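Working notes, structure below.
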Amino acid sequence: MCTHPLGNPCLLGVQYAAFMTTQSFLNQPQIDAVEHLGSPLLVLAGAGSGKTRVITFKIAHLIREGGIAPRNIAAVTFTNKAAREMKERLAGLLEGKTTHGLMVCTFHSLGLTMIRAEHRHLGYRRGFSILDPQDSETVLRELTQKESSDYDVPALQWRISTWKNNIISPQQAQTQVEDDTSFNQAKLYARYQRQLLAYNALDFDDLIMQPVHLLSQYADIRQRWQHSIRHLLIDEYQDTNVGQYLLMKLLMDKRDGLTVVGDDDQSIYAWRGARPENISLLGRDFPNLKIIKLEQNYRSNDRILKTANRLIANNPHLFEKQLWSDQGLGDFPRIIPCKSPQQEAQHIVGDILRLRFKRRDNFSDYAILYRSNHLAKPLEQALREHHIPYKLSGGMSFFERAEIKDLIAYLRLLVNPEDDPAFLRIVNTPRREIGPATLEKLGIYATQRNKSLFMASQELGFTQQLPTHARLRLEQFSSWLQAMKNRTANENPANLTRRVIDDIAYADWLRNTSKNQKTAQKRLENVQELLDWMARLTAEKNASAGLSDIVGHMALLDIIDRHQDERTIDAVNLMTLHAAKGLEFSCVWIAGLEEELLPHHSSLDGAQLEEERRLFYVGITRAKEHLTMSFAASRTRYGEQLACRPSRFLDELPQEHIVWADEVTRTNSTKTRETGKAHLANLKAILDH
DNA sequence: ACGCCACCTATTTTT
DNA sequence: TAGGTGGCGT
Numbered sequence: 122m123c124t125h126p127l128g129n130p131c132l133l134g135v136q137y138a139a140f141m142t143t144q145s146f147l148n149q150p151q152i153d154a155v156e157h158l159g160s161p162l163l164v165l166a167g168a169g170s171g172k173t174r175v176i177t178f179k180i181a182h183l184i185r186e187g188g189i190a191p192r193n194i195a196a197v198t199f200t201n202k203a204a205r206e207m208k209e210r211l212a213g214l215l216e217g218k219t220t221h222g223l224m225v226c227t228f229h230s231l232g233l234t235m236i237r238a239e240h241r242h243l244g245y246r247r248g249f250s251i252l253d254p255q256d257s258e259t260v261l262r263e264l265t266q267k268e269s270s271d272y273d274v275p276a277l278q279w280r281i282s283t284w285k286n287n288i289i290s291p292q293q294a295q296t297q298v299e300d301d302t303s304f305n306q307a308k309l310y311a312r313y314q315r316q317l318l319a320y321n322a323l324d325f326d327d328l329i330m331q332p333v334h335l336l337s338q339y340a341d342i343r344q345r346w347q348h349s350i351r352h353l354l355i356d357e358y359q360d361t362n363v364g365q366y367l368l369m370k371l372l373m374d375k376r377d378g379l380t381v382v383g384d385d386d387q388s389i390y391a392w393r394g395a396r397p398e399n400i401s402l403l404g405r406d407f408p409n410l411k412i413i414k415l416e417q418n419y420r421s422n423d424r425i426l427k428t429a430n431r432l433i434a435n436n437p438h439l440f441e442k443q444l445w446s447d448q449g450l451g452d453f454p455r456i457i458p459c460k461s462p463q464q465e466a467q468h469i470v471g472d473i474l475r476l477r478f479k480r481r482d483n484f485s486d487y488a489i490l491y492r493s494n495h496l497a498k499p500l501e502q503a504l505r506e507h508h509i510p511y512k513l514s515g516g517m518s519f520f521e522r523a524e525i526k527d528l529i530a531y532l533r534l535l536v537n538p539e540d541d542p543a544f545l546r547i548v549n550t551p552r553r554e555i556g557p558a559t560l561e562k563l564g565i566y567a568t569q570r571n572k573s574l575f576m577a578s579q580e581l582g583f584t585q586q587l588p589t590h591a592r593l594r595l596e597q598f599s600s601w602l603q604a605m606k607n608r609t610a611n612e613n614p615a616n617l618t619r620r621v622i623d624d625i626a627y628a629d630w631l632r633n634t635s636k637n638q639k640t641a642q643k644r645l646e647n648v649q650e651l652l653d654w655m656a657r658l659t660a661e662k663n664a665s666a667g668l669s670d671i672v673g674h675m676a677l678l679d680i681i682d683r684h685q686d687e688r689t690i691d692a693v694n695l696m697t698l699h700a701a702k703g704l705e706f707s708c709v710w711i712a713g714l715e716e717e718l719l720p721h722h723s724s725l726d727g728a729q730l731e732e733e734r735r736l737f738y739v740g741i742t743r744a745k746e747h748l749t750m751s752f753a754a755s756r757t758r759y760g761e762q763l764a765c766r767p768s769r770f771l772d773e774l775p776q777e778h779i780v781w782a783d784e785v786t787r788t789n790s791t792k793t794r795e796t797g798k799a800h801l802a803n804l805k806a807i808l809d810h
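At position 311 of the first sequence (counting the first as 1) the number is 432 in my numbering, and the numbers step up by one without a gap.
The following block contains the structure:
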């Protein structure tokens, strides 16, 4: 074993010494994983065991030692943030070495790249658009309005997404349905797909599904991509869904260059299609699969790990894992019973102030986690009272903001004249007094002739049907668009965008439509930020990036670095347990540990209960040094004051390693060694009376 | 285009 | 209970 760096025979060779000293060293299983070649590899990496380090070092190893060209390596993550961080770490490792052609991106971005190259086989034309879920909802609304006005569009959207995630075609869907409702949904699915093709547009799910079709239907395409991607590395493998699994399988085809890293105990996204069982499928589909476990945790102290281990031992496991740490036992994780959410919040805030005074660290080292968003409210209130800065995760992302979506819609339309959803979004933004009557006529004309709205709006055959004033306005808009479009080939994307903004007097429009000055200001800043990004991006890519490249990736948000404001603000982190995955904090509070909240009342049995347990597990393993868990004895829910029971998961913790604080009885003492079970019984008695 | 009222619902959310 | 939404009236 070589956990110690000095005089160590099992480092990755002297060549690595140079950058190993600036990075951290690897332990033996990590080295095994990095150096393993010759068969597909599954790395079962516990929380905090350095899985990303394994992937980045392995990529570096492949390039430096294996003589593999970067363009033959692809590393796939689930979030843009993870991809960005991986790129940064790689840049550190491979200083000087060229990484040209190396792909470090999300599954969706990989899919987009493939579709870009092969779109003709799918019947798409270049410049196709990516619709976000809001756009596709609008398309579905339009499609269903003709049937009935009160159609359950979200249910349909969810259904279609599930089909696509499972790589089920509209035709297959129609043969598989059980009842009238779903038969109807399957028919609408088919119409939706036709509609997208007509718009020359794809939705997010298509970015996985279409590449799977391409690879499974065309042997030559499959061979080309298999030749191109010789090494595929996948992070957070437990989160792959059916489509992503198939994509991986088609790309690798039993070859040796596959490395997947995952943790079945951190699978918390089954509810949206993730298949943690893909971990066991791997052994079936890749018979010579090598498995390496990473069990040393570099994040937390041992009491926190013992707490996590004991909890998760209540779940069935295919591969047993025991996290351990050499960082000492550390403090006792604490459980704080509280009377109310308000008292709970007060307690946490008091804790934070006390700890920060004692530790002299940053607010950003602290996180408060909870199962669902509404639990943040009392916490926010208490933090505000005490003037503690906090950062709330969730909320509207940059690209969901109306002003950003407007501008992207303009760009989308310039790249793809068939993009009717984009046309409809901007035709009256800002106001051009092109009303519903005109648009309806335009729509009918376009549909009859199988043309896009933009194209139809330029045709004399159509505009001559309109009353003079409407005709003039539409002609003006349409010819302006055409003029802009003619510039797309030569002008750089950032300048073109600026020109659009100026021409449409977008700043004025934002000022006029915003509720107050402050929001107007904020929106203008967002627009400026978008412009800056585009300018930077164009500069970086040596102007080789066409507008269509940029616009395509904008929909995926993956070219944007948004960490600048996050790193400067020192604030306590408030987030859901889901949002906390992959992060770590010195001190963590988990609030609202009550039955019906965690486990959530809709997930009280079977596989769902196990996922709730994993969610708690993820929360616990975020903490490096301090862990505090709390619950309230009563809580207002749906307008009613309800008594709450502590979460069953608290009973599953190793009581010898945790401390229950006595808040309910209002004594401030803590009982260190009393067994929690007895304590819980006490508490229940108190709560009953 | 906007504002008001009545009604409905209430888990997690990336791309 | 509260916040978001859809319909309606101005």
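Where is the CB? At the ideal position from N, CA and C, for every residue including glycine.
Nothing here was measured: the structure is a model prediction, and the numbers come from that model.
Straight-line Cα distance separating residue j from residue i
i: Leu476; j: Phe484; result: 10 angstroms
i: Pro462; j: Arg424; result: 27 angstroms
i: Leu736; j: Leu587; result: 59 angstroms
i: Gly504; j: Ala429; result: A small correction: the amino acid at residue 504 is Leu; Gly does not occupy that position in the sequence shown. Rounded to whole angstroms, Leu504 to Ala429 spans 28 angstroms at the Cα level.
i: Arg811; j: Leu617; result: In the structure displayed, the chain extends from 122 to 810; residue 811 sits before or after that span and is not available.
i: Ile690; j: Ile509; result: 12 angstroms
i: Val69; j: Ala395; result: One cannot answer for residue 69 here, as it falls past the ends of the chain, which runs 122 to 810.
i: Asp541; j: Ser290; result: 24 angstroms
i: Val785; j: Lys498; result: With a pLDDT of only 45 at Val785, under 50, the local geometry of the prediction cannot be trusted, and the value read off the model is given with reservation. Roughly 22 angstroms between the two C-alpha positions.
i: Ile350; j: Gly232; result: 13 angstroms
i: Tyr419; j: Gly451; result: 13 angstroms
i: Leu698; j: Ser723; result: 17 angstroms
i: Lys370; j: Phe453; result: 45 angstroms
i: Ile529; j: Thr640; result: 20 angstroms
i: Ile176; j: Ala543; result: 39 angstroms
Nearest candidate by alpha-carbon position, reference residue i, set the options
i: Asn549; options: Arg594, Asp385, Val536; result: Arg594
i: Arg769; options: Tyr366, Glu717, Leu318; result: Glu717
i: Leu318; options: Asp253, Arg262, Leu243, Leu158; result: Leu243
i: Gln467; options: Val164, Thr380, Met207, Ala712; result: Ala712
i: Glu731; options: Cys708, Tyr313, Asn436, Ser170; result: Asn436
i: Glu773; options: Ser707, Ile456, Lys702, Asn537; result: Ile456
i: Ile625; options: Thr584, Gly582, Arg481, Tyr531; result: Tyr531
i: Leu403; options: Gln762, Asp386, Met373; result: Met373
i: Tyr491; options: Leu714, Gln502, Thr589, Glu416; result: Leu714
DSSP state of residue i mapped onto helix, strand, coil
i: Thr659; result: helix
i: Gly134; result: The predicted position of Gly134 is uncertain, since its pLDDT is 42 and thus under 50; a value taken from the coordinates is nonetheless stated next. In this structure, Gly134 counts as coil in the three-state DSSP scheme.
i: Val197; result: strand
i: Ile779; result: coil
i: Val693; result: strand
i: Gln463; result: helix
i: Ile251; result: strand
i: Thr227; result: strand
i: Pro291; result: helix
i: Ile473; result: helix
i: Pro150; result: helix
i: Asn129; result: Low confidence applies to Asn129: its pLDDT is 37, below 50, so where it sits in the model is not reliable, and the reading given next is rough at best. Three-state result, Asn129: coil.
i: Arg481; result: coil
i: Pro458; result: strand
i: Gly222; result: coil
i: Asn633; result: helix
i: Phe583; result: helix
i: Gly232; result: helix
i: Lys267; result: coil
i: Tyr245; result: coil
According to DSSP, residues forming a beta bridge with residue i
i: Trp279; result: Answer is none; Trp279 lacks a bridge partner.
i: Trp445; result: Gln417
In chain order, which beta strand (DSSP E) runs of at least 3 residues are fully inside the stretch 382-423? 411-415
At what residue ranges does the stretch 485-572 contain a whole run of the alpha helix (DSSP H), taking only runs of 4 or more? 497-506, 523-536, 541-547, 557-570
Which full runs of the beta strand (DSSP E) of 3+ residues lie inside the stretch 699-776, going along the chain? 706-711, 744-753, 755-758, 761-764
Fully enclosed by the stretch 153-187, which alpha helix (DSSP H) runs are 4 residues long or longer? 172-185
Which runs of the beta strand (DSSP E) spanning at least 3 residues fall entirely within the stretch 307-395, listed in chain order? 322-324, 352-355, 379-383
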